[in-house]
Amino acid sequence: MRRFGVIIDELYMKHSAGVGHPESPYRLKVIYDALKDKKYADILFEIRPENAKKEDILLVHTENYYRTIENTQGLPYYYIDPDTATNQFSFDAAILAAGGVICGTKYVIQHNNGPVFALVRPPGHHAEPDRGMGFCLFNNVAIGAMYARKRLGVNRVMIFDWDLHHGNGTQTTFYEDNTVLYISVHQFPHYPGTGSFDEVGSGKGAGFTINIPFVAGAGDAEYIAVFEEIVKPVSKEFSPELILISAGFDPHYDDPLGGMKLTSAGFTYLGKKIVELSLEVCKRHPVFVLEGGYSLKGLRESVEGIILSCTGKKEVFETDSNVYGKPNARYLQSIERVKNMHSKFWRCFQVQDSGSIHDI
0 MRRFGVIIDE
10 LYMKHSAGVG
20 HPESPYRLKV
30 IYDALKDKKY
40 ADILFEIRPE
50 NAKKEDILLV
60 HTENYYRTIE
70 NTQGLPYYYI
80 DPDTATNQFS
90 FDAAILAAGG
100 VICGTKYVIQ
110 HNNGPVFALV
120 RPPGHHAEPD
130 RGMGFCLFNN
140 VAIGAMYARK
150 RLGVNRVMIF
160 DWDLHHGNGT
170 QTTFYEDNTV
180 LYISVHQFPH
190 YPGTGSFDEV
200 GSGKGAGFTI
210 NIPFVAGAGD
220 AEYIAVFEEI
230 VKPVSKEFSP
240 ELILISAGFD
250 PHYDDPLGGM
260 KLTSAGFTYL
270 GKKIVELSLE
280 VCKRHPVFVL
290 EGGYSLKGLR
300 ESVEGIILSC
310 TGKKEVFETD
320 SNVYGKPNAR
330 YLQSIERVKN
340 MHSKFWRCFQ
350 VQDSGSIHDI
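Residue numbers (numbering that gives the first Met the number 0): 0 to 359.
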């Protein structure tokens with residue numbers, strides 16, 4: 000039986016963006032409470048997070064922006080933008096969230112005893128190098144990827160972002176980088192407005208940003224098709240040494256902020272398959288990083304499903320792709336458009352082995 004590492008800390012629940020804000024401490028409380036059940040006693044191991052050092056956060060963020068967030072420490076409330084606010088605990092929670100992802104990354108690189116889920120907040124993938132936005136302060140997954148590259152000697156990292164919203168901050172960080180492959184499937188048009196088909200990276204990073212913008216309504220079958228048709232083949236060609244997942248659960252059908260139709264079973268299937276892919280391609284386990292997700296029921300069921308399914312403890316949801324039906328033709332057309340656009344960068348998307356291919 001495989002075991003699953005979790006990064007949890009009560010400090011993550013002390014960050015608050017205000018009464019009634021959807022990114023609330025209850026998002027973690029329902030998960031933390033569920034994981035106290037005795038059925039998890041023999042499959043979970045806890046990795047204690049440590050604060051990210053300033054120099055590690057500066058691998059992604061600017062000095063001025065770091066100071067802006069640091070200066071909110073102790074203030075009752077500070078508004079970064081209309082959607083993004085801090086309280087007196089937010090800076091401490093944010094450096095511990097980034098540090099938690101670093102600790103999870105170090106663990107799979109150094110020990111590799113099981114996949115890791117960084118159950119942290121505030122979330123991160125919208126945070127740009129010089130500003131926070133979209134409920135995000137520091138870009139946790141980008142910091143984890145940069146730490147792996149710069150501190151742990153990892154040559155190639157893949158980030159798979161299945162959050163409802165496009166991870167503009169992560170994309171910006173690696174847009175000209177050919178050592179980090181960023182793949183995002185997201186609702187479009189939707190906040191933050193980025194993530195169109197033609198955003199593919201630039202300079203030496205051309206082809207290393209892959210966006211799959213879906214109109215509202217995509218469900219399990221469509222997301223599984225993204226995994227099978229894009230994520231799996233390109234990851235095998237890229238051959239990453241580490242896979243990080245920006246695991247947002249706001250594509251869930253019950254989520255109040257989105258229009259996608261994924262079920263908890265669909266997320267369970269995706270989680271299990273990405274673990275299998277990581278073990279095949281990287282020879283090590285992946286790190287899941289919590290992003291969005293505002294249906295408490297959807298969050299709890301999906302996180303539990305991934306952990307229980309990946310450890311073989313119990314098949315709480317169906318994990319056979321055949322039960323999810325066939326993808327809608329409209330979304331298959333979007334997938335084909337992505338493959339055609341990236342065929343000049345990746346052999347796996349070419350009908351014939353020709354054209355200009357990156358030397359990876």
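For each residue, glycine too, the CB sits at the ideal point set by N, CA and C. Bear in mind that the values here come from a model prediction, so they are computed numbers and not experimental data.
Span separating the alpha-carbon of residue i from that of residue j
| i | j | result |
| --- | --- | --- |
| Gly297 | Thr267 | 11 Å |
| Gly354 | Val230 | In this prediction, Gly354 scores a pLDDT of 48, lower than 50, which makes its location untrustworthy; the coordinate-derived value is nonetheless stated afterwards. If you take the alpha carbons of Gly354 and Val230, they lie about 21 Å apart. |
| Asp219 | Ala92 | 33 Å |
| Thr71 | Ile142 | 21 Å |
| Val233 | Pro24 | 36 Å |
| Ile237 | Thr262 | As written in the sequence, residue 237 is Phe, which differs from the Ile given in the question. Answer to the nearest angstrom: the Cα atoms are 29 Å apart. |
| Thr169 | Arg299 | 25 Å |
| Val5 | Leu278 | 18 Å |
| Pro48 | Tyr146 | 15 Å |
| Gly73 | Phe88 | 7 Å |
| Val303 | Lys260 | According to the sequence displayed, residue 303 carries Glu and not Val. Cα to Cα, Glu303 sits roughly 19 Å from Lys260. |
| Ala33 | Thr104 | 24 Å |
| Arg1 | Cys347 | 31 Å |
| Lys235 | Tyr222 | 18 Å |
| Lys37 | Leu43 | 10 Å |
| Asp358 | Asp253 | Confidence is the limiting factor: at Asp358 the pLDDT is only 48, short of 50, which leaves the residue's position unreliable, though a coordinate-based value still follows. If I take the Cα positions, the gap works out to 43 Å. |
| Tyr76 | His20 | 13 Å |
| Thr172 | Glu227 | 26 Å |
| Ser201 | Lys312 | 44 Å |
| Val184 | Leu10 | 30 Å |
| Val29 | Cys309 | 20 Å |
| Tyr31 | Val350 | 47 Å |
| Gly362 | Arg336 | With the chain running from 0 to 359 in the structure shown, residue 362 is simply not present. |
| Ile101 | Ala328 | 40 Å |
| Glu373 | Lys53 | Residue 373 falls outside the range modelled here, since the chain spans only 0 to 359, and no answer is possible. |
| Arg148 | Leu58 | 10 Å |
| Lys35 | Asn210 | 37 Å |
| Leu276 | Asn111 | 15 Å |
| Val18 | Ala51 | 28 Å |
| Phe90 | Glu22 | 16 Å |
| Gly131 | Leu307 | 34 Å |
| Arg66 | Pro212 | 34 Å |
| Asp41 | Arg150 | 32 Å |
| Gly206 | Ile305 | 30 Å |
Contact belief for residue i with residue j at Cβ below 8 Å, rounded distance in angstroms
| i | j | result |
| --- | --- | --- |
| Ser245 | His124 | 5 Å |
| Gly257 | Gln186 | 6 Å |
| Phe360 | Gly113 | Past the boundaries of the shown model lies residue 360; the chain is included only from 0 to 359, so the question cannot be answered. |
| Ala16 | Thr83 | 7 Å |
| Arg155 | Pro239 | 5 Å |
| Tyr64 | Pro128 | 7 Å |
| Asn177 | Gly204 | 5 Å |
| Ala217 | Tyr330 | 5 Å |
| Leu243 | Cys281 | Leu243 to Cys281, Cβ: 11 Å. No contact. |
| Ala97 | Phe137 | 5 Å |
Residue from the options whose Cα sits closest to the Cα of residue i
| i | options | result |
| --- | --- | --- |
| His14 | Leu43, Ile68, Tyr222 and Thr208 | Ile68 |
| Asp55 | Thr85, Leu95 and Lys203 | Leu95 |
| Phe116 | Asp8, Cys347, Gln87 and Arg336 | Asp8 |
| Pro255 | Gly200, Leu295 and Glu228 | Leu295 |
| Thr208 | Ala224, Tyr174 and Phe226 | Tyr174 |
| Met157 | Leu151, Ala126, Val140 and Pro250 | Val140 |
| Ile182 | Met12, Gly133 and Ile273 | Ile273 |
| Leu118 | Arg130, Arg66 and Gly247 | Gly247 |
| Trp161 | Gln109, Asn327 and Leu289 | Leu289 |
| Lys325 | Leu307, Glu335 and Ala224 | Ala224 |
| Trp345 | Ala215, Lys312 and Leu180 | Leu180 |
| Val214 | Ile101, Val18, Gly131 and Ser333 | Ser333 |
| Val107 | Phe90, Glu22 and Arg283 | Arg283 |
| Ala126 | Asn111, Leu151, Val18 and Ile79 | Ile79 |
| Met12 | Ile305, Asn86, Glu275 and Glu45 | Asn86 |
| Ile46 | Leu307, Phe137, Val286 and Phe90 | Val286 |
| Tyr323 | Phe159, Arg150 and Gly265 | Gly265 |
| Val153 | Gln109, Cys135, Leu307 and Pro81 | Gln109 |
| Pro81 | Gly206, Pro212 and Cys135 | Cys135 |
| Arg26 | Leu307, Ser301 and Ile306 | Ser301 |
Interface flag, residue i vs chain D, CB-CB below 8 Å
| i | result |
| --- | --- |
| Ala117 | Judged by its chain identifiers, the structure shown contains no chain D, having just a single protein chain. |
Could you pull out every unbroken beta strand (DSSP E) segment of at least 3 residues lying fully inside the region 196-250, listed in chain order?
-> If one requires a minimum length of 3 residues, the beta strand (DSSP E) runs lying completely within the region 196-250 are 208-213 and 241-246, in chain order.
| Taking contact to mean at least 3 C-beta pairs separated by less than 8 Å, is the region 161-180 in contact with the region 189-197? | A contact exists between the region 161-180 and the region 189-197.
Quiz item: What are the start and end residues of each continuous beta strand (DSSP E) run of 3 or more residues lying completely inside the region 48-119, in chain order?
Solution: If you keep only unbroken beta strand (DSSP E) runs of at least 3 residues inside the region 48-119, you get 77-80, 83-85 and 115-117.
For the region 321-341 against the region 195-207, do three or more pairs of beta-carbon atoms, one drawn from each stretch, fall closer than 8 Å, so that the two count as touching? These segments touch.
request  = Can you check the region 123-177 for any alpha helix (DSSP H) of at least 4 residues that lies completely inside it and give the ranges in chain order?
outcome  = Taken in chain order, the unbroken stretches of alpha helix (DSSP H) that lie wholly in the region 123-177 and span 4 residues or more are 139-150 and 167-173.
- Output the residue ranges of the alpha helix (DSSP H) runs that lie fully inside the region 265-317 and measure 4 residues or longer, sorted by chain position. For the region 265-317, whole alpha helix (DSSP H) runs of length 4 or above, ordered along the chain, are 295-310.
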